[in-house]
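Engineer:
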Amino acid sequence: MSQSADMPREDSPFWRFSLRFYARTQVSAACLVLQDEAGVDVNLLLFLLFLAEHQREVNTAAIAEIDRAVAAWRDGVVKPLRTLRRVLKTGIGEISATVSETFRGQIKRLELESEHIEQSVLERFHADALGLVSPSRTAAAAANIAAYEMYLRPFPAVPRETILAAFAQFGPHHPAH
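Under the working numbering, the first residue of the sequence shown is numbered 24, with each subsequent residue one higher.
1. Using only the alpha-carbon positions, how far apart do PHE44 and LEU107 sit?
2. When the Cα atoms are used, what is the spatial distance from VAL144 to ALA150?
3. Determine whether the beta carbon atoms of SER157 and GLN78 lie at a separation below 7 angstroms.
4. Could you tell me the boundaries of the alpha helix (DSSP H) in which PRO177 lies?
5. On the premise that ALA53 lies in contact with ILE186, defined as a C-beta separation below 8 angstroms, what is that separation, rounded to the nearest angstrom?
6. Work out the CA separation of ARG91 and ASN167 for me, nearest whole Å.
7. Looking at the structure shown, is VAL156 part of a helix, part of a strand, or coil, going by DSSP?
8. Can you tell me whether ASP34 is buried or exposed, with buried defined as 16 or more other CB within 10 angstroms of its CB?
9. Provide the residue span of the alpha helix (DSSP H) that contains GLY128, from first to last.
10. Tell whether a beta-carbon distance below 7 angstroms holds between PRO177 and LEU57.
11. By alpha-carbon positions, which one of PRO36, ILE86, VAL65, ASP64 ends up nearest to GLY154?
12. Within the same chain, show all residues whose beta-carbon is closer than 7 angstroms to that of GLN202, passing over the 5 residues directly before and after it, in chain order.
13. On the premise that ARG105 lies in contact with GLU134, defined as a C-beta separation below 8 angstroms, what is that separation, rounded to the nearest angstrom?
14. Starting from the C-beta of ALA61, find all residues in its chain whose C-beta is less than 7 angstroms away, skip the five residues before and the five after it, and write them out in chain order.
15. Who are the Cβ neighbours of ALA75 in its own chain at under 6 angstroms, not counting the five residues just before and after it?
16. Do PHE37 and GLU146 have their beta-carbon atoms positioned less than 7 angstroms apart in this structure?
17. Would you identify the three-state DSSP class for GLU80, choosing helix, strand or coil?
18. Assuming the contact rule is C-beta atoms closer than 8 angstroms, ALA170 and VAL81 should be a hit. Round their C-beta distance to whole Å, please.
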């Protein structure tokens, strides 16, 4: 499943998984709470769920390795673009939000592209070979989220449970790849 950063998005199983899962009711809001309150990298969280989709469990050492692969890009590009997009939402100084909205839209597109690049790096880790085989996809999801919490810090309970419940319901309604 190794992919290059120049692969079209529509050809990326991880990107397609991310879009479908993130669009589920309450998932985006839960992800943003985890991002803002627990420092979660949503792309990494989605990758851990993508691994779970392949019934793969990873430990904190594997998460640390995966995180190191994207940390510089996330911290140097994704986060600054996100911060700029959020600041532009209300305008800056004498420039109103109405005036800056077009520019904000361009930043939003760049932010999305930067996330795609991060996902391309994550996708280089072979989902079908990383970690250990889990007895089920839901067990893998719970284990991967728990390992990520151990790596970062405990997550707020409600968004964590929202993500896990959405993932449990997600499986029967979509193809695995």
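Ideal Cβ placement from N, Cα and C applies to all residues, glycine included.
Structural biologist: In terms of the structure at hand:
1. 26 angstroms
2. 12 angstroms
3. yes
4. Premise fails: PRO177 is in no alpha helix (DSSP H) and is neither H nor E.
5. 5 angstroms
6. 17 angstroms
7. strand
8. exposed
9. 120-146
10. no
11. ILE86
12. Only positions 24 to 200 of the chain appear in the structure, and residue 202 is not among them; the question remains open.
13. 6 angstroms
14. LEU175, ARG176, PHE178, PRO179
15. ARG160, ALA163, ALA164, ASN167
16. yes
17. strand
18. 6 angstroms
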